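Asks: Sharing a structure, written as structure tokens. Questions coming.
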């Protein structure tokens with residue numbers, strides 16, 4: 006096991022990792038920008054190093070300062086958290102060169118799974134289902150026409166190097182194909198410096214379903230069930246739950262096993278997530294793999310009873326996974342609400358400020374992952390996440406009731422501070438949410454429904 | 571940035587690599603390239619651009635200054651801290667064995683190099699941002715420092731007294 010882990014992140018995830026280290030008996034080092042000098046993880050960690058000014062380019066993204074902090078404190082491993090440098094193969098490589106274990110997959114593996122076309126190719130070879138379409142980039146308009154007549158419209162043209170919802174176009178009619186094919190290529194070239202595109206069937210309504218897995222360096226991998234993250238707004242997840250209400254036991258096992266097989270086939274180690282689209286008939290299609298721990302990992306922890314961050318640290322230290330597949334049956338239902346400092350009435354604009362009141366909920370099976378406390382300044386420099394509220398209950402209905410109870414207890418206020426709590430409460434109250442029949446367009450419909458009601 | 575003068579090893583090779591790097595820096599001016607490395611044998615020079623080298627100015631955040639203040643030594647502190655521009659190893663001289671850039675009692679001009687902070691083979695000159703007299707040096711040669719950690723304190727020039 007490691008002696009000392011440097012946490013190259015901030016906010017709730019830095020504290021989450023430091024807590025896991027403490028329980029494992031490993032020393033932790035926090036790094037912080039001048040804006041985060043009073044942060045909870047700085048107080049909690051065994052050591053802390055100030056690495057730069059508030060601007061992330063000179064602090065949390067500044068590799069020489071992070072490496073310097075690790076060298077200064079003698080850390081033998083580095084946990085990147087999520088975001089920032091967590092999926093930067095170059096950073097992982099530098100850590101390796103400096104003799105610091107990067108807690109995540111090897112740089113070459115990270116690079117492979119980070120490339121969408123390569124990842125699709127590798128995972129389809131491992132037996133993961135893909136949407137009808139191409140694995141290889143499409144090079145000519147003729148080729149594009151051939152593919153579309155094979156898979157049928159609507160299709161989506163995507164930039165191989167794309168991401169974050171950019172560089173993709175939906176084509177519903179054959180006559181638009183030529184124009185949109187050229188447009189997507191041009192955009193891809195301009196934005197991502199790579200004009201390569203691929204084409205796949207477009208699903209108008211689907212559910213965002215993802216499989217959590219962890220692989221060790223001894224050739225073992227375990228999947229920890231799936232999460233449904235269909236409650237999202239412009240690709241930002243708001244509510245996540247586990248398990249999905251729309252997977253059969255058989256599909257769960259088949260896809261879980263294929264996901265682990267796919268990850269192991271590329272030499273993947275550490276925690277990772279495979280993202281899928283689930284259509285209304287219950288068919289899954291692989292979209293991409295995230296080579297890091299994710300924000301919503303606690304819902305999987307709640308239904309499996311496994312601390313995923315501890316597993317992640319263990320396998321990075323060369324140990325075997327502490328659990329086998331048969332040790333992780335899914336129990337009950339868990340829901341997570343992301344409480345952000347945003348104003349839903351003003352198009353989710355950031356509403357940061359100092360917290361005068363911060364009283365998190367408590368009670369049975371109620372977990373709050375947060376770095377906040379009364380007096381903490383939600384800084385405009387960073388993301389607006391205040392807290393992740395996670396509840397568990399034996400079934401989904403009881404979990405929704407528990408979440409409502411917990412949300413009603415949560416007190417957060419401060420000058421200029423607005424939160425997404427009321428928005429969550431209204432979503433949870435909605436009969437469609439209660440029914441579980443949620444697709445990724447739910448929030449959009451919900452908001453226009455509310456707008457119409459307010460206008461009428 | 572100055573030439574890294576570490577081990578006596580192969581000064582010629584180092585100079586060659588450094589020349590190459592310098593040339594690259596010039597050619598990359600105005601481009602969006604942020605970092606690059608030049609390598610030959612065991613020598614590797616890595617450059618990250620967009621970091622204003624040197625001067626760290628301004629009042630220190632309370633949390634940034636681990637030493638000093640303490641048990642209220644009555645006199646108002648008019649000394650000016652020169653702080654580390656980034657995390658790294660501080661060197662008080664341009665090369666091992668050379669005279670330090672400054673000693674206590676020296677007068678310095680604004681813009682004068684007073685130390686170097688090395689981070690991943692990147693030499694960052696620390697320059698005095700005001701003129702003054704070196705009153706105290708609070709770091710050892712080769713010590714690791716944090717961002718904005720005080721390296722030394724300057725007293726304002728005489729006439730300000």
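Protein chains in written order, with my numbering: chain A, 6 to 461; chain B, 571 to 731. C-beta: ideal position from N, C-alpha, C; glycine also. If you're wondering where the values come from, they're calculated on a predicted model, not measured in any experiment.
1) Mapping the DSSP letters down to three states, classify residue 714 (chain B) as helix, strand or coil.
2) Applying a beta-carbon distance threshold of less than 9 Å, which residues of chain A neighbour residue 718 (chain B)?
3) Let me check understanding here. Comparing Cα to Cα, which of A:210, A:166, A:223 lies closest to residue 195 (chain A)?
4) Run through the DSSP bridge pairs and tell me what residue 363 (chain A) is partnered with.
5) On the DSSP bridge list, what partners appear for residue 220 (chain A)?
6) Chain B beta carbons: is any one of them nearer than 8 Å to that of residue 73 (chain A)?
7) The beta strand (DSSP E) spanning residue 57 (chain A) covers which residue range?
8) For residue 203 (chain A), does the count of other Cβ atoms within 10 angstroms reach 16, so buried, or fall short, so exposed?
9) When you compare the stretch 108 to 118 of chain A with the stretch 86 to 99 of chain A, are there three or more beta-carbon pairs, one atom per stretch, that lie closer than 8 Å?
10) If I follow the unbroken beta strand (DSSP E) through residue 33 (chain A), where does it start and stop?
11) Comparing C-alpha positions only, which one of A:358, A:84, A:72, A:32 sits nearest to residue 12 (chain A)?
12) Find the nearest neighbour of residue 299 (chain A) within the set A:17, A:201, A:376, A:328, judged by alpha-carbon distance.
13) Using C-beta distances below 6 Å, list every residue in its chain close to residue 676 (chain B), excluding the 5 sequence neighbours before and after it, in chain order.
14) Can you tell me whether residue 425 (chain A) is helix, strand or coil according to DSSP?
15) Taking only beta-carbon positions, decide if residue 689 (chain B) is within less than 8 Å of chain A.
16) What does the alpha-carbon distance come out to for the pair residue 143 (chain A) and residue 180 (chain A)?
17) Check each candidate in A:236, A:88, A:125, A:145 and name the one with the smallest Cα separation from residue 446 (chain A).
18) Counting only beta-carbon atoms, is residue 70 (chain A) nearer than 8 Å to chain B?
19) So, helix, strand or coil for residue 455 (chain A), using DSSP?
20) Using a C-beta cutoff of 8 Å, does residue 721 (chain B) count as contacting chain A?
21) Could you tell me the boundaries of the beta strand (DSSP E) in which residue 375 (chain A) lies?
22) Under 9 Å between beta-carbons, which chain A residues line up against residue 656 (chain B)? List them in chain order, please.
23) On a Cα-Cα basis, can you pick out the residue from A:293, A:260, A:184, A:361 that is closest to residue 146 (chain A)?
24) Grab me the residues of residue 108 (chain A)'s own chain with a C-beta within less than 8 Å of its C-beta, minus the 5 sequence neighbours each way, in chain order.
25) Kindly indicate the opening and closing residues of the alpha helix (DSSP H) around residue 302 (chain A).
26) Would you report the Cα separation of residue 221 (chain A) and residue 19 (chain A), rounded to the nearest angstrom?
27) Quick check: residue 66 (chain A) and residue 219 (chain A), are their CB atoms within less than 8 Å of each other?
28) Do the CB positions of residue 50 (chain A) and residue 23 (chain A) come within less than 8 Å of each other?
Replies: The short version:
1) Mapped onto the second chain, residue 714 (chain B) falls at position 144. Residue 714 (chain B) falls in the strand class under three-state DSSP.
2) For the purposes of this step, residue 718 (chain B) is taken as residue 148 along the second chain, with counting starting at 1. The contacting residues are 39, 55, 57, 58.
3) Position 190 of the first chain holds residue 195 (chain A). When each option's Cα is compared against that of residue 195 (chain A), the closest is A:166.
4) Here residue 363 (chain A) is taken as the residue at index 358 of the first chain, counted from 1. In the DSSP output, where bridge partners are listed per residue, residue 363 (chain A) has A:417.
5) Here residue 220 (chain A) refers to the residue found at position 215 of the first chain. For residue 220 (chain A), which the question treats as bridged, DSSP gives the partners A:226, A:275.
6) By one-based count along the first chain, residue 73 (chain A) stands at place 68. Under the Cβ criterion of 8 Å, residue 73 (chain A) is counted among the residues facing chain B.
7) Counting from one through the first chain, the residue named residue 57 (chain A) turns up at place 52. Here the beta strand (DSSP E) through residue 57 (chain A) covers 52 to 57.
8) Counting from one through the first chain, the residue named residue 203 (chain A) turns up at place 198. Answer is buried; the Cβ neighbour count reaches 16.
9) The stretch 108 to 118 of chain A is in contact with the stretch 86 to 99 of chain A.
10) Against the first chain, residue 33 (chain A) aligns to sequence position 28. Note, residue 33 (chain A): beta strand (DSSP E), 32 to 38.
11) Numbered from its first residue, the first chain carries residue 12 (chain A) at position 7. In this structure, A:84 is the residue among A:358, A:84, A:72, A:32 with its C-alpha nearest to the C-alpha of residue 12 (chain A).
12) Translated into the one-based positions of the first chain, residue 299 (chain A) becomes position 294. The shortest Cα separation from residue 299 (chain A) among A:17, A:201, A:376, A:328 belongs to A:17.
13) Position 106 of the second chain, counting from 1, holds the residue named residue 676 (chain B). Taken in chain order, the residues that qualify are 704.
14) If you number the first chain from 1, residue 425 (chain A) lands on position 420. Correct three-state label for residue 425 (chain A): coil.
15) As a first step, residue 689 (chain B) must be located in the second chain, where it is residue number 119. By this cut-off, residue 689 (chain B) is an interface position.
16) Translated into positions along the first chain, residue 143 (chain A) becomes position 138. Translated into positions along the first chain, residue 180 (chain A) becomes position 175. Distance between the alpha carbons of residue 143 (chain A) and residue 180 (chain A) is about 18 Å.
17) Start at 1 with the first residue of the first chain, and residue 446 (chain A) comes out as number 441. Across the set A:236, A:88, A:125, A:145, the C-alpha of A:236 shows the shortest separation from the C-alpha of residue 446 (chain A).
18) In the first chain, the residue the question calls residue 70 (chain A) occupies position 65. So yes, residue 70 (chain A) belongs to the interface.
19) For the purposes of this step, residue 455 (chain A) is taken as residue 450 along the first chain, with counting starting at 1. If DSSP states are grouped into helix, strand and coil, residue 455 (chain A) belongs with the helices.
20) Walking along the second chain from the start, residue 721 (chain B) turns up at place 151. No, residue 721 (chain B) lies away from the interface with chain A (no Cβ there is under 8 Å from its Cβ).
21) One-based indexing of the first chain puts residue 375 (chain A) at position 370. First-last of the beta strand (DSSP E) with residue 375 (chain A): 371 to 375.
22) The sequence position of residue 656 (chain B) within the second chain is 86, counting from 1. Residue 656 (chain B) reaches chain A at 56, 57, 63, 67, 69, 70, 73, counting residues in chain order whose Cβ is nearer than 9 Å.
23) One-based indexing of the first chain puts residue 146 (chain A) at position 141. Of A:293, A:260, A:184, A:361, the residue nearest in Cα terms is A:184.
24) Translated into positions along the first chain, residue 108 (chain A) becomes position 103. Short of 8 Å from the beta carbon of residue 108 (chain A), and not among the five residues preceding or following it, lie these beta carbons of its own chain, in chain order: 10, 82, 83, 84, 85, 275, 317, 318, 321.
25) Mapped onto the first chain, residue 302 (chain A) falls at position 297. Where residue 302 (chain A) is concerned, the enclosing alpha helix (DSSP H) starts and stops at 302 to 309.
26) Numbered from its first residue, the first chain carries residue 221 (chain A) at position 216. Numbered from its first residue, the first chain carries residue 19 (chain A) at position 14. Going by the C-alpha atoms only, they are around 23 Å apart.
27) Taking the first residue of the first chain as 1, we reach residue 66 (chain A) at position 61. Taking the first residue of the first chain as 1, we reach residue 219 (chain A) at position 214. Result no, Cβ atoms of residue 66 (chain A) and residue 219 (chain A) do not sit closer than 8 Å.
28) Locating residue 50 (chain A) in the first chain gives position 45, counting from the first residue. Locating residue 23 (chain A) in the first chain gives position 18, counting from the first residue. Contact: yes.
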